[in-house]
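Everything on this sheet refers to the single structure shown next.
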Amino acid sequence: MTRIQQIDSLKGFLILLVVLGHILQGTIDKNIVRYVIYSFHMPLFFCVSGYLFNYSKIKELSFSALIHKYLFRIIIPFIIALIVYNLILYLQDGYLAYIYYHLWFILSYLICFVY
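Per our numbering, the very first residue in the sequence shown carries number 233; after that it's consecutive.
If you want it as structure tokens, here you go:
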């Protein structure tokens, strides 16, 4: 798949908005910039992900090949990240986080992929 410069630029811009949104969480709760950012940045991430998913050569793969490809690229790293995160959290604070805590976008993406 050839890279699309506009999509790469959009992804970079959205990443900056995510970082800015997280920085602004520590400020006054009624920060209008934060509300504006949170009103569109994650839905737009989903749209870009869906576009790239559809745009790629995935249509040429069988369903079993598609599952196998994403099992190793998304699901297994997701599970490993959850285990490592919860192990560190448990050793530091003595409790476990919800399964989707920081990686909710990946879990949501997987749910959309299945359906």
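Beta carbons are placed, not taken as given, at the ideal position from N, Cα and C, and that holds for glycine.
Cβ neighbours of leucine 335 within its own chain (closer than 7 Å, five residues either side excluded): Phe310, Ala313 and Leu314. Ranked by how close their Cα comes to the Cα of arginine 305, the residues Gln324, His273 and Tyr341 have Tyr341 in first place. Distance between serine 271 and glycine 282, taken at the CA atoms: about 19 Å. Val250 is the residue among Leu339, Tyr327 and Val250 whose C-alpha sits nearest the C-alpha of methionine 274. Of the candidates Asn318, Gly326, Ile299 and Leu246, the residue whose Cα lies closest to the Cα of isoleucine 269 is Leu246. When DSSP states are grouped into helix, strand and coil, glutamine 324 belongs to the helix group.
Secondary structure of leucine 335 (DSSP, three-state): coil. In the DSSP annotation of this structure, the continuous segment of the alpha helix (DSSP H) that includes serine 241 starts and ends at 237 to 256. When secondary structure is reduced to three states using DSSP, alanine 329 falls in the coil class, being assigned neither helix nor strand. When Ile239, Tyr317 and Tyr302 are compared, the shortest CA-CA separation from cysteine 279 is found for Ile239.
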